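Numbering (the numbering used here), first residue to last: 10 to 122.
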């Protein structure tokens, strides 16, 4: 089971890095994107009738490494310290409100399948 989590984690971390590199500098688009996408997908995964192995691989491993609370926290503090208060408020609200909403959307989507 640990091997599945590690495999998923390796893929998730690599994907998170690639998204961060693909996004423009300035606003933390990469972190916000991976947290929103990861919340949607995790909501979907935990609602589907999937095997324990699949949940460990995709949910715990892949989505656990793909999403990041620590980078979100640092990005938010940096926006505040750089006096980018409007951007900080948008980032805070989109992440704090958006992630649970898209997770709920993923759960509802999974229920329709």
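Glycine included, each C-beta is placed from N, C-alpha and C at the ideal position. This one's a predicted model, so the numbers in the text were calculated from it and none came from an experiment.
Cβ-Cβ separation between residue 72 and residue 50: approximately 6 angstroms, consistent with a contact (criterion under 8 angstroms). For the pair residue 42 and residue 17, the Cα-to-Cα distance works out to about 19 angstroms. With fewer than 16 other Cβ atoms inside 10 Å of its own Cβ, residue 35 counts as exposed. Taking 8 angstroms as the cut-off, the Cβ atoms of residue 40 and residue 84 count as close.
Pairing residue 62 with residue 13 gives a Cβ-Cβ distance under 8 angstroms.
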